[in-house]
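Numbering (the working numbering), first residue to last: 482 to 631. Glycine included, C-beta positions come from ideal geometry on N, C-alpha and C. For reference, the structure is listed below as structure tokens.
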């Protein structure tokens, strides 16, 4: 009988871990704070998807994916400005991209036309998380660990 309760308890905890708190924003629940869509990429820590968006095992792996995508925008697509990166991240046909850019300009204290350097990466990721989810709940250490994992 006790074994049965242990199994039920473990199953409940596992379900809570996988599903998360339904009151939290989807990106936070999915440990995918950039709301990265599932396009089949074999991301580190990818556990599946919720239909449209990837579910990661840890926030650090979700943040790592954000940093990796920004890195790809810069190296593969030649997007080095705040405006270029956010236009690609949140295209105007799906988002109010100008509001997103204004949010980032204010938070980073730079112009949309300024180049994004390594020193801007953590603050930019925080802006993305806040803009995508309405909250940015992660400590500087979690952000740093996600970036360092790239």
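Assignment of beta-bridge partners to residue 510 by DSSP yields no partner. In chain order, 519, 536 place their CB closer than 8 Å to the CB of residue 530, counting only its own chain and leaving out the 5 sequence neighbours on each side.
Taking residue 516 as reference, the option from 547, 503, 589, 572 with the minimal CA-CA separation is 547. Between residue 617 and residue 582, the alpha-carbon positions lie close to 17 Å from each other.
Taking all protein chains shown into account, residue 575 has fewer than 16 neighbouring C-beta atoms within 10 Å of its C-beta and is therefore exposed. Contact check for residue 569 against residue 558 passes: the beta carbons are separated by less than 8 Å. Around residue 526, the same chain offers 537, 538, 539, 542 as residues with beta carbons nearer than 7 Å, after the five sequence neighbours per side are excluded.
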